[in-house]
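One structure below.
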Amino acid sequence: MEDLSLHVLDIAQNSLRAGAKVISIEIRRLPGKDLLEIEVEDDGCGMDRDLLSKVTDPFFTTRKTRSVGLGLPLFKMAAEMTGGSFDISSTPGKGTRVKASFGFTHIDRPPLGSMSETIVTLIQGNPDVRIRYREVTENASFEFDTQEISQILQGVPLNEPEVLQWIKDHIDQCEQELLNNEHLL
Ligand SMILES: Nc1ncnc2c1ncn2[C@@H]1O[C@H](COP(=O)(O)OP(=O)(O)O)[C@@H](O)[C@H]1O
Ligand SMILES: [Mg+2]
C-alpha cells in the first residue's frame with residue numbers, strides 16, 4: 005500500500021513529461037462525507053480521445069523505457085478499492101485533469117503520506133514550473149503557490165536547498181494548523 009502522496013508525485017510527473025508549465029494539486033479531506041479527494045490539473049500537451057481511452061489499462065505506456073512509476077491504473081485501482089472513484093479528462097493542447105476520491109475511513113485507504121515531500125521533490129527538479137498546492141477541509145483551507153515564493157525571492161532559484169527546506173517546513177506547518185483546526189489529528 006503506497007502513500008497517496010507518492011501517487012500524486014507520479015501523476016504530477018506525468019504532467020511534467022507532458023510539458024506542463026503550471027501544475028495545480030488539491031487535496032480535500034471531507035470526513036463528514038467520508039471522502040478524501042485528490043485532484044491534479046496541468047496545462048501540458050493533453051491526450052486525444054484514443055490515448056485517453058487506453059491510459060487506465062495497466063499494460064499501457066507511451067514510454068519506451070519503463071522506470072519505477074505507479075501510473076494511472078494503480079491510482080485508479082487504489083481509489084476504487086476504497087469505494088471511491090477515478091476520473092481523467094484531457095484536451096489536446098490544453099491539459100489534463102486527474103481526479104480520484106477515496107473512502108476516508110475505508111480500511112484499504114492508504115495514508116496520504118508527506119505531501120510536503122512530494123511538492124519539494126517536484127520543485128527540486130523543475131524550479132521553473134509553477135506548482136500550486138491547496139488543501140481543503142470542511143471549514144478551512146490553505147494555499148501554496150511557487151509563483152508567490154519566486155516573487156519574494158527575486159531571482160534566487162526555488163531549488164536552493166535552504167529554499168526547499170523552508171518550503172517543506174512551511175507546507176508541513178500549514179497542514180498541521182489546518183488539521184488542528186478541524187480536530188483531524
Ligand atoms: N498529464 C498527462 N498529460 C499528457 N499525457 C499523459 C498525462 N498523464 C499520462 N499521460 C499519458 O498516459 C500514459 C500512461 O501514464 P502512466 O499510467 O502514468 O504510465 P507511464 O507514466 O509509466 O507511461 C503516459 O505514458 C502518457 O502518454
Ligand atoms: Mg506515469
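Heads up: the sequence shown begins at 5 in the numbering used here, then just goes up one per residue.
All C-beta atoms in this analysis are idealised placements derived from N, C-alpha and C, irrespective of residue type, glycine included.
Note that the structure is predicted; figures quoted are calculated from it, not measured.
With DSSP run on the structure shown, which of helix, strand or coil describes residue i?
i: residue 65; result: coil
i: residue 90; result: strand
i: residue 97; result: coil
i: residue 107; result: strand
i: residue 160; result: coil
i: residue 6; result: coil
i: residue 118; result: coil
i: residue 147; result: strand
i: residue 52; result: coil
i: residue 125; result: helix
Return yes when the Cβ of residue j is within less than 7 Å of the Cβ of residue i, no when it is not.
i: residue 154; j: residue 9; result: no
i: residue 40; j: residue 60; result: no
i: residue 182; j: residue 139; result: yes
i: residue 52; j: residue 96; result: yes
i: residue 36; j: residue 152; result: no
i: residue 27; j: residue 46; result: yes
i: residue 112; j: residue 81; result: no
i: residue 175; j: residue 89; result: no
For residue i, which residues from the same chain have a beta carbon less than 7 Å from its beta carbon, with the 5 sequence-adjacent residues on both sides left out?
i: residue 127; result: 135, 150, 162, 163, 168, 171
i: residue 91; result: 103
For residue i, write down the residues that DSSP places opposite it in a beta bridge.
i: residue 134; result: 26
i: residue 31; result: 42, 139
i: residue 102; result: 44, 92
Between residue i and residue j, which are expected to be in contact by the criterion C-beta below 8 Å, what is the C-beta distance as a whole number of angstroms?
i: residue 110; j: residue 129; result: Contact flag wrong, Cβ pair sits at about 33 Å.
i: residue 22; j: residue 100; result: 7 Å
i: residue 94; j: residue 56; result: 5 Å
i: residue 108; j: residue 34; result: 7 Å
i: residue 38; j: residue 116; result: Incorrect: roughly 15 Å between the Cβ atoms, too far for contact.
i: residue 122; j: residue 13; result: 4 Å
Might you give, ordered along the chain, the residues of its own chain that have their beta carbon closer than 6 Å to the beta carbon of residue i, omitting 5 neighbours on each side?
i: residue 147; result: 138
i: residue 24; result: 46, 47, 48
i: residue 98; result: 50
i: residue 62; result: 77
Within the same chain, show all residues whose beta-carbon is closer than 8 Å to that of residue i, passing over the 5 residues directly before and after it, in chain order.
i: residue 145; result: 138, 139, 182
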